[in-house]
């Protein structure tokens, strides 16, 4: 049973809704397809705004993060464009999924977005909602030819992957599992090390503040390395969690590793050495 059939079955339980459909000469399947497509259009508008913000944010983050690490403006711009390309890649994959074209490397495991899609559709299937439609909309539905076999009707846009699909993309082996377990233990110790920041009020300098900054970077770098090994990494979590698998996950993980080194680990090391009266950069390059 595809999405249109499921929505039509909900309509069939409401005699009042069926009466309104009959009055306007529209079959339940056509109205269900219209509702789904309309909700999809709304999601696209939101997706364009979010995709633009994500792309711009990644561009600025990569651009400014690389300022101290590259020698030319062109190289800095290249890093920024790399971040923007990643944002476009994520947005493009999301839009494909909205159309029912499952981009195998992208997943939304908590299905929150899918739940919102479903709520938005079901809320428009009662008699009250149907009576709110104007004649122009009814005429459009009657004249429009819905391809009920279209791929976008086969599944909810953000239905999560199965465990089998995830395992196939991650390609984990016993050796990789053992390595990930070791990385997890080291990550825990890096979190414990962060707790020493409580000593800042009891010291005369900011050594332990830079210590915290450094170990945040260590944790983030280990998370990135784990992503490279597992071929999996979570991208962000707002209203939903977006996960990447396969080669895109590795690309993003290497990007995260770069950010961890440039934004956290290197400044943390330089800050700690400076508070101890030691010029680390001078010692390295002299």
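In this note's numbering, the protein residues as written are 2 to 287.
C-beta atoms are modelled at their ideal positions from N, C-alpha and C, and glycine is treated no differently.
Bear in mind that the values here come from a model prediction, so they are computed numbers and not experimental data.
Just checking my contact of residue i with residue j at CB under 8 angstroms: how many whole Å lie between their CB atoms?
i: residue 8; j: residue 171; result: Going by Cβ atoms, the distance from residue 8 to residue 171 rounds to 34 angstroms, so no, they are not a contact pair.
i: residue 106; j: residue 249; result: 5 angstroms
i: residue 264; j: residue 215; result: Wrong, their Cβ atoms sit about 11 angstroms apart, outside the cutoff.
Tell me, which residues are paired with residue i by DSSP?
i: residue 41; result: Beta-bridge pairing links residue 41 to no other residue.
i: residue 245; result: 107, 234
Three-state secondary structure (DSSP) at residue i?
i: residue 233; result: strand
i: residue 90; result: helix
i: residue 283; result: helix
i: residue 70; result: coil
i: residue 10; result: helix
i: residue 169; result: helix
i: residue 26; result: coil
i: residue 147; result: coil
i: residue 278; result: coil
i: residue 213; result: helix
i: residue 239; result: Residue confidence is low: residue 239 scores 47 on pLDDT, short of 50, so the model does not pin down where it sits. Its coordinate-derived value is still stated next. Here residue 239 sits in coil by DSSP.
i: residue 224; result: helix
i: residue 207; result: coil
Does the separation of the CB atoms of residue i and residue j fall below 9 angstroms?
i: residue 17; j: residue 128; result: yes
i: residue 210; j: residue 278; result: no
i: residue 230; j: residue 261; result: no
i: residue 36; j: residue 126; result: yes
i: residue 243; j: residue 56; result: no
i: residue 131; j: residue 88; result: no
i: residue 245; j: residue 108; result: yes
i: residue 213; j: residue 195; result: yes
i: residue 81; j: residue 64; result: yes
i: residue 206; j: residue 276; result: yes
i: residue 226; j: residue 258; result: yes
i: residue 11; j: residue 155; result: no
i: residue 149; j: residue 69; result: no
i: residue 84; j: residue 61; result: yes
i: residue 32; j: residue 22; result: yes
So is the beta-carbon of residue i under 8 angstroms away from any non-hydrogen atom of the ligand FMN?
i: residue 187; result: Among the ligands in the structure shown, none appear at all, so the ligand FMN cannot be discussed.
So the alpha helix (DSSP H) residue i belongs to, where does it begin and stop?
i: residue 193; result: 175-195
i: residue 124; result: No alpha helix (DSSP H) contains residue 124, which DSSP labels as neither H nor E.
i: residue 128; result: 128-132
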